[in-house]
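To start, the structure itself, in structure tokens.
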Amino acid sequence: SYSMKDEKFSRFGSNTQLVGSLPDQPNKVLISKSRSNASFDQDDPFAFARPREFFELNLETGAKKLIIKENNSIGGIGFDPQGNPRSAFGFDPSTQEQVYYGRMPGENSWREVLRRSTFNLEDFGPVGFVKDNPAHGYIITTNGNDVYGLWEYDWETGEYVDLVFRDEAADVRNVLTHPNGWERPGEVIGLEHYGPKPMKVFFDEEIEALYSQLEAAIPNAYDLSINSMSRDSSRYIVFNVGPRDPGTYY
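Read the sequence shown against our numbering and you will find it ends at 250, with the numbers running on by one and no gaps.
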């Protein structure tokens, strides 16, 4: 981490990872470390394979607050933009099934929402949550179809609500979240799907217009992304990569 006051970096070892910022809590971020004997600033060569524990880190004081721990039964914990644990998965050796879990903000235990045979190659990929409806999230999956689409999913009932987008010729690759992570954290504003190049579909007309302006202004624009935006939306960091651009930040 970097101290604006001291103008110095504090080192964390490979044992520690940044999970995300917490826009609603100034000067705090979400971090994780493997559940080993290694400390936060030490390296752990097997960190990638161990269950992890998650902490809220105060960047000013260095104080850490434990949020949740993974174990050998439940891992892959995913969080919403407010830092609430919302999704996880595990494995049931007695049935040879993958088990997916969910929980609502404020809940302290996991609810099983889906079981799937390990021989079922269909992915179930949580990628975000619906604005103003914490019970609903977005999932990239085939849901019995030939290509991957983006689905709205009810984490309380364990049911698909609606198909948001599917291209019959190409899989959905990922979602796009609003670049202003301070004012609209984690808000899904579009998606990418495969094509001659990564193709973007926008749900937000303002952001779509901004991308069009940037594509017209940036040399050799091909696969553009707005990586971040200032709180007042007046400045952004933009990345472009393509056949004629090995990768440039603006």
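Heads up, the beta-carbon is just placed ideally off N, CA and C, and yes, glycines get one too.
Keep in mind it's a predicted model, so treat the numbers as computed, not measured.
Check: Which whole-angstrom value is the C-beta distance of Val113 and Trp155, which I expect to be below 8 Å?; Outcome: 6 Å
Check: Rounded to the nearest angstrom, what separates Asp204 and Leu210 at their Cα positions?; Outcome: 10 Å
Check: Kindly indicate which three-state DSSP category Leu214 falls into: helix, strand or coil?; Outcome: helix
Check: Rounded to the nearest angstrom, what separates Asp223 and Asn37 at their Cα positions?; Outcome: 42 Å
Check: What residue range does the beta strand (DSSP E) around Gly190 cover?; Outcome: Val188 to His193
Check: Does Glu70 get closer than 8 Å to chain C when you measure Cβ to Cβ?; Outcome: Looking for chain C here will not work: only one protein chain is present.
Check: Would you give the residue range spanned by the beta strand (DSSP E) that Val238 belongs to?; Outcome: Tyr236 to Gly242
Check: Would Ile237 be called buried (16 or more neighbouring beta carbons within 10 Å of its own) or exposed?; Outcome: exposed
Check: In the structure shown, what three-state DSSP assignment does Glu112 receive?; Outcome: strand
Check: Throw me the rounded Cβ distance for the Gly90 and Pro126 pair, which I believe falls under 8 Å.; Outcome: That pair is no contact at about 14 Å.
Check: What residue range is occupied by the uninterrupted beta strand (DSSP E) comprising Ser16?; Outcome: As written in the sequence, residue 16 is Thr, which differs from the Ser given in the question. That run of the beta strand (DSSP E) goes Thr16 to Ser21.
Check: Checking 8 Å against the spacing of the C-beta atoms, do Pro93 and Gly75 come in under that value?; Outcome: no
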